[in-house]
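In terms of full-length UniProt numbering, the sequence shown opens at residue 1 and continues consecutively.
Glycine is no exception: its CB is placed at the ideal position from the N, C-alpha and C atoms.
Bear in mind that the values here come from a model prediction, so they are computed numbers and not experimental data.
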Amino acid sequence: MSTSIAWDERYAGGDFQFGQAPNRYLESLTPWLRPGMRALALGDGEGRNGAWLAGQGLAVTSLDWSPVASAKAAALAAARGVAMATVTADAAAWTYPEAGFDLVAWIFLHLPPEDRAAAAAGALRSLAPGGLLALECFSPAQQGRRSGGPKMPELLWTRAIVEQAFGGLEVLELLEGTVHLDEGPRHQGHAEVVRALLRKPAAA
Ligand SMILES: C[S@@+](CC[C@H](N)C(=O)[O-])C[C@H]1O[C@@H](n2cnc3c(N)ncnc32)[C@H](O)[C@@H]1O
1 MSTSIAWDER
11 YAGGDFQFGQ
21 APNRYLESLT
31 PWLRPGMRAL
41 ALGDGEGRNG
51 AWLAGQGLAV
61 TSLDWSPVAS
71 AKAAALAAAR
81 GVAMATVTAD
91 AAAWTYPEAG
101 FDLVAWIFLH
111 LPPEDRAAAA
121 AGALRSLAPG
131 GLLALECFSP
141 AQQGRRSGGP
151 KMPELLWTRA
161 IVEQAFGGLE
171 VLELLEGTVH
181 LDEGPRHQGH
191 AEVVRALLRK
201 PAAA
């Protein structure tokens with residue numbers, strides 16, 4: 001069974017593994033964001049993305065299975081003077097609130113296929129009509145690069161996996177290719193990623 005222990009150990013130091021600035025792709029989606037939107041930052045780690053969204057006026061739930069991560073995320077939000085709820089839970093097993101969010105931020109969360117399917121189904125359920133799902137994850141071409149990402153190939157994302165996992169959502173943007181990452185010590189340099197912005201159809 002997978003556990004958060006390896007992540008707890010990585011996060012145990014004082015440094016921020018992926019920096020304190022938000023993920024650049026997520027930041028580039030600012031024009032889509034509105035104060036008051038309810039956001040779920042999934043696999044939010046030390047909270048750089050959740051705390052940034054909270055700073056934009058969104059009502060954020062930051063979820064990670066690592067209690068060390070959740071504590072650091074809560075501390076980051078507090079240091080910035082923004083309100084943010086933290087949840088320590090397995091993204092594959094959490095009870096996602098039906099239509100509870102207007103945005104799900106899925107940034108560099110890489111799960112085994114079964115868990116990925118369960119978390120994706122939960123994320124889909126939790127999106128309100130018109131809600132957005134923003135995703136950046138490493139693709140198979142990242143293997144061998146030293147700019148981050150999981151070692152196990154089955155954890156990587158492709159356009160096809162996005163389409164399969166989030167079928168039913170409208171594709172606003174879906175790209176697979178090379179970007180430059182500058183995100184703390186763990187994400188540095190050219191990287192191969194999938195980026196997606198998807199929208200749940202508004203209720204008829
Ligand atoms: C590469 S880090 C990215 C953290 C954050 N999204 C960011 O971009 O800074 C992946 C995160 O996913 C979390 N994670 C991995 N498996 C998880 C699971 N099953 N449930 C919840 N969180 C998980 C890890 O604890 C870790 O914080």
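Per DSSP, cross-strand counterpart(s) of residue i
i: Val87; result: Leu63
i: Ala134; result: Ala105 and Leu197
i: Gly42; result: As written in the sequence, residue 42 is Leu, which differs from the Gly given in the question. In the DSSP output, where bridge partners are listed per residue, Leu42 has Leu63 and Trp106.
DSSP-derived helix/strand/coil call for residue i
i: Glu176; result: strand
i: Leu111; result: coil
i: Arg125; result: helix
i: Asp8; result: helix
i: Gln56; result: coil
i: Leu76; result: helix
i: Ala69; result: helix
i: Glu189; result: Contrary to the premise, residue 189 reads as Gly rather than Glu in this sequence. Here Gly189 sits in strand by DSSP.
i: Glu183; result: strand
i: Leu26; result: helix
i: Trp32; result: helix
i: Ala21; result: coil
i: Gly50; result: helix
i: Ala202; result: coil
Could you name the residues, in chain order, whose CB is less than 6 Å away from a heavy atom belonging to ligand 1? Answer in sequence order: Ser4, Trp7, Phe18, Asn23, Gly43, Asp44, Gly45, Arg48, Asn49, Asp64, Trp65, Ser66, Ala69, Asp90, Ala91, Ala92, Ile107, Phe108, Leu109, Leu111 and Asp115.
Is it a yes or a no for the stretch 37-47 touching the stretch 58-67, going by three-plus beta-carbon pairs under 8 Å? Touching, yes.
Evaluate contact between the stretch 122-139 and the stretch 74-86, counting only Cβ atoms and requiring at least three cross-stretch pairs below 8 Å. no
Whole alpha helix (DSSP H) runs in the stretch 136-176 with 4 or more residues, listed along the chain? 159-165
If you pair each beta-carbon of the stretch 113-125 with each one of the stretch 145-153, do three or more pairs fall below 8 Å? The stretch 113-125 vs the stretch 145-153: no contact.
Do the stretch 19-28 and the stretch 177-190 make contact, defined as three or more Cβ pairs closer than 8 Å? yes
Taking three-plus beta-carbon pairs below 8 Å as touching, is the stretch 160-179 in contact with the stretch 195-202? yes
Is the stretch 43-56 close to the stretch 24-31, with three or more CB pairs under 8 Å? Taking a cut-off of 8 Å for Cβ pairs, the stretch 43-56 and the stretch 24-31 touch, as three or more such pairs fall below it.
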